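Below: the structure, in structure tokens.
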Amino acid sequence: MVTIIEIIKAVTTTLEAVFPDVEVVNMDISKGHPRACLYVHVDSGSDSTVGGYLEQTHALTIYYFA
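Here's what the structure looks like:
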């Protein structure tokens, strides 16, 4: 099973490779953040059972602050 942490790490690594001059931030930005940066935000997800398997759904949003 792929965890949400592994997904966030993969997205962060990809963003760093595609945009090497822009900092990628995964922490709380309410206390401030550098400009320009990409912010990776994961919304709380939902759990459901499908055919005896547990399915977890999360929304991942990438924000760009110029």
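Residue numbering for the sequence shown follows my numbering, beginning at 234 and increasing consecutively.
We put the CB at the ideal spot given by N, CA and C, even for glycine.
From a predicted model like this one, the values you see are computed outputs, not experimental measurements.
Note the first and the last residue of the continuous beta strand (DSSP E) segment covering residue i.
i    : result
D294 : Going by the sequence as given, residue 294 is Thr instead of Asp. T294 -> beta strand (DSSP E) spans 293-298.
T290 : 286-290
Contact defined as beta carbons within less than 8 angstroms: I believe residue i pairs with residue j. What is the distance between those atoms, to the nearest angstrom?
i    : j    : result
A269 : V255 : 5 angstroms
H291 : V275 : 6 angstroms
Roughly how many angstroms separate the alpha carbons of residue i and residue j, rounded to a whole number?
i    : j    : result
G285 : T294 : 29 angstroms
A243 : V283 : 26 angstroms
A299 : S263 : 16 angstroms
V251 : S279 : 30 angstroms
T245 : H266 : 16 angstroms
L248 : M260 : 15 angstroms
P253 : E239 : 20 angstroms
For residue i, count neighbouring C-beta atoms within 10 Å of its own C-beta (all shown protein chains included) and say buried if the count is 16 or more, exposed if not.
i    : result
L271 : buried
**Report entry** Minimum length 3: unbroken beta strand (DSSP E) runs contained in the region 246-278
**Finding:** 256-258, 270-275
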